[in-house]
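Written below as structure tokens is the structure these notes are about.
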Amino acid sequence: MKKLHFTGIGGAGMAPLAELSVMRGAAVSGSDGSDSAKFRHLQTLGAEVHLGHREENLPDDTELLIYSSAVPADNPERLKARQLGIPELRRGEYLAQFASGFKRCVAVTGTHGKSSITAVLSAVLQRCGKEPGFMIGAEVAGMPSCSVGDGDIFVTEADESDGTHALLKNFLAVIPNVEDDHEWSLGGSAVLEENFRKTAANSCKIIYYASAKCDELFAGHPDAERLTGVPENFAGLHGFQAANAYIAVQAAKILGCDVDMAVAAAADYPQVARRMTVHKSGEKFTVIEDYAHHPTEVRAAVSLLRINYPGRHLRVLFQPHRFARLEKYFHEFAAALQLADSVYIAPVFAAWSESGPVDSSALAAAVKGTAVSGDCRQWAEEVLADLPQNSVIAVLGAGDINGVIAHL
Numbered sequence: 003m004k005k006l007h008f009t010g011i012g013g014a015g016m017a018p019l020a021e022l023s024v025m026r027g028a029a030v031s032g033s034d035g036s037d038s039a040k041f042r043h044l045q046t047l048g049a050e051v052h053l054g055h056r057e058e059n060l061p062d063d064t065e066l067l068i069y070s071s072a073v074p075a076d077n078p079e080r081l082k083a084r085q086l087g088i089p090e091l092r093r094g095e096y097l098a099q100f101a102s103g104f105k106r107c108v109a110v111t112g113t114h115g116k117s118s119i120t121a122v123l124s125a126v127l128q129r130c131g132k133e134p135g136f137m138i139g140a141e142v143a144g145m146p147s148c149s150v151g152d153g154d155i156f157v158t159e160a161d162e163s164d165g166t167h168a169l170l171k172n173f174l175a176v177i178p179n180v181e182d183d184h185e186w187s188l189g190g191s192a193v194l195e196e197n198f199r200k201t202a203a204n205s206c207k208i209i210y211y212a213s214a215k216c217d218e219l220f221a222g223h224p225d226a227e228r229l230t231g232v233p234e235n236f237a238g239l240h241g242f243q244a245a246n247a248y249i250a251v252q253a254a255k256i257l258g259c260d261v262d263m264a265v266a267a268a269a270d271y272p273q274v275a276r277r278m279t280v281h282k283s284g285e286k287f288t289v290i291e292d293y294a295h296h297p298t299e300v301r302a303a304v305s306l307l308r309i310n311y312p313g314r315h316l317r318v319l320f321q322p323h324r325f326a327r328l329e330k331y332f333h334e335f336a337a338a339l340q341l342a343d344s345v346y347i348a349p350v351f352a353a354w355s356e357s358g359p360v361d362s363s364a365l366a367a368a369v370k371g372t373a374v375s376g377d378c379r380q381w382a383e384e385v386l387a388d389l390p391q392n393s394v395i396a397v398l399g400a401g402d403i404n405g406v407i408a409h410l
């Protein structure tokens, strides 16, 4: 199809997919509720983009409308599409269609680490002489977030939150871990797990870290590489970054790369936006941002910070992401945050629902003696006031908590 419209075009998963479509010669239009660098970049590529969702944004001769799963059925552009008989696909459905144009699709899925592993694997493949197509759902320093490559390998994040990762037909699926995050948007953990089973079944080969859940889900796969023992150190990296790099190298080996060359490439771990990003560093304090928004990720982030900055006071600024996630993992979040020296908890980034049975103040109370709640952006001076010399401030969360960084 040559005339495509993306409703929600500025999203982390939508923008690179729209860009890839432009690269493949499609006429792309789209809209988004907010301005962004991705939004403006698409304009420079020739896409016709609009701020706000209105029926007039959708050209009458559009052949296909692609929409984010966050876009409701009563969106004016989707309503017009149905009136005109224009077919619609969710982002993940269109991704599966797009990926089918490559000889070997490599889907990076699982609960944690998708963006980083996709970035590492794409960079490693390039350093090893391959020319992969790829799509990364985050900005990466020193490389684009997407490429069409030479038509052979296509490495892509495959998001489990709406179940569309199960639609991809893969040469290889890279599945570092499976937890029950996003089960509330899918209808329960049984559905989530079945989707991962389908993803594995739709893949000629799979590679995964051994765990009780992954072993259960992927038992019987005819070509599975089960990695035992998640490495704490690899290629000069530590913690979850070592684990991400190691599984990326093993995937690169399956794809025909020289192992020594792949390890050397992985050592230059790509700086993915909002993933252990150092924003400020000085004698008084260092500010680091990470996308951690699940208790496993918060715990892993704190652990890596302790390794990288031993002996320094660690002050965490955390924003819960979704009331449903906070409710489900309330005690796990409290336990993970307890590992920091001091904690400030911002209001919940709502996303889908505007309230829940527990909130940020309840979480702060559960983090015994070390946490307070409130709007960190307004508290910037207070956050810094009693900070010990040479401290680390970790800004954790997937919402708008990163807005505080400019004020620190």
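Residue 248 in my numbering sits at position 246 of the sequence shown; the count goes up by one each step and never skips. Built from N, CA and C at the ideal position, the CB exists for glycine as well.
If you follow the alpha helix (DSSP H) that residue i is in, where does it begin and where does it stop?
| i | result |
| --- | --- |
| I249 | 241 to 256 |
| Y311 | Premise fails: Y311 is in no alpha helix (DSSP H) and is neither H nor E. |
| A39 | 39 to 46 |
| S163 | Unbroken run through S163: none, as it is neither H nor E. |
| L365 | 362 to 368 |
With respect to the beta strand (DSSP E) encompassing residue i, which residues constitute its N-terminal and C-terminal limits?
| i | result |
| --- | --- |
| C206 | 205 to 211 |
| E383 | E383 -> not in any beta strand (DSSP E); alpha helix (DSSP H) instead, spanning 382 to 387. |
| L22 | It is not in any beta strand (DSSP E) - L22 instead sits in the alpha helix (DSSP H) that spans 16 to 25. |
| S117 | Unbroken run through S117 is the alpha helix (DSSP H), 116 to 129; no beta strand (DSSP E). |
| L398 | 393 to 398 |
| L229 | 226 to 229 |
What does DSSP give as the partner residues of residue i in its beta bridges?
| i | result |
| --- | --- |
| G32 | F8, V51 |
| T279 | E291 |
| G135 | F156 |
| H323 | F351 |
| R106 | I155 |
| C148 | M137 |
| I68 | F8, L91 |
| V261 | DSSP lists no partner for V261. |
| V142 | M145, V274 |
| V318 | V345, A396 |
What did DSSP end up calling residue i once you bin it into helix, strand or coil?
| i | result |
| --- | --- |
| V300 | helix |
| E285 | coil |
| Y331 | coil |
| L60 | coil |
| N77 | coil |
| F173 | strand |
| Y271 | coil |
| C216 | helix |
| L341 | coil |
| A373 | strand |
| V180 | coil |
| L97 | helix |
| V232 | coil |
| T201 | helix |
| E356 | coil |
| L86 | helix |
Rounded to whole angstroms, what's the CA-CA distance from residue i to residue j? Just pull it up for me.
| i | j | result |
| --- | --- | --- |
| L127 | A121 | 10 Å |
| C130 | M263 | 6 Å |
| D292 | H409 | 17 Å |
| P359 | E329 | 7 Å |
| L22 | A101 | 11 Å |
| A221 | V180 | 14 Å |
| P134 | G165 | 25 Å |
| T158 | A337 | 33 Å |
| S375 | S362 | 6 Å |
| G15 | L91 | 14 Å |
| N404 | P224 | 44 Å |
| F156 | E384 | 47 Å |
| F287 | C378 | 17 Å |
| L229 | A29 | 43 Å |
| A253 | K116 | 13 Å |
| S70 | I208 | 27 Å |
| D182 | K255 | 29 Å |
| D217 | D152 | 34 Å |
| V345 | A302 | 16 Å |
| Y311 | A348 | 24 Å |
| L257 | V274 | 23 Å |
| E6 | L44 | Rather than Glu, the amino acid found at residue 6 in this sequence is Leu. So the alpha carbons of these two residues sit roughly 13 Å apart. |
May I ask you to check if the CB of residue i is nearer than 8 Å to at least one heavy atom of the ligand NAD?
| i | result |
| --- | --- |
| G284 | Absence of the ligand NAD is noted for the structure shown, with no ligands found whatsoever. |
Could one say the Cβ of residue i lies closer than 9 Å to chain C's Cβ atoms, at least one of them?
| i | result |
| --- | --- |
| A368 | The structure shown contains no chain C, having only a single protein chain. |
When the Cβ atoms of the region 136 to 149 are set against those of the region 239 to 254, are three or more pairs found closer than 8 Å? By the criterion of at least three beta-carbon pairs nearer than 8 Å, the region 136 to 149 is not in contact with the region 239 to 254.
Between the region 102 to 119 and the region 67 to 87, do at least 3 Cβ pairs fall closer than 8 Å? Touching, no, given that fewer than three Cβ pairs across the two stretches are closer than 8 Å.
Could you check whether the region 66 to 77 touches the region 46 to 53, counting it as contact only if at least three pairs of C-beta atoms, one from each stretch, sit closer than 8 Å? At 8 Å Cβ cutoff, the stretches do not touch.
Are the region 53 to 62 and the region 33 to 45 in contact at 8 Å, needing three or more beta carbon pairs? Look at the beta carbons and you see the region 53 to 62 touching the region 33 to 45: at least three pairs across the two are nearer than 8 Å.
Do the region 35 to 44 and the region 56 to 71 meet, that is, are 3 or more Cβ pairs less than 8 Å apart? Three or more beta-carbon pairs separated by less than 8 Å are not found between the region 35 to 44 and the region 56 to 71, which leaves the two stretches without contact.
Hey, is the region 313 to 328 in contact with the region 380 to 399, meaning 3+ C-beta pairs nearer than 8 Å? Between the region 313 to 328 and the region 380 to 399 there are three or more C-beta pairs closer than 8 Å, enough to call the two in contact.
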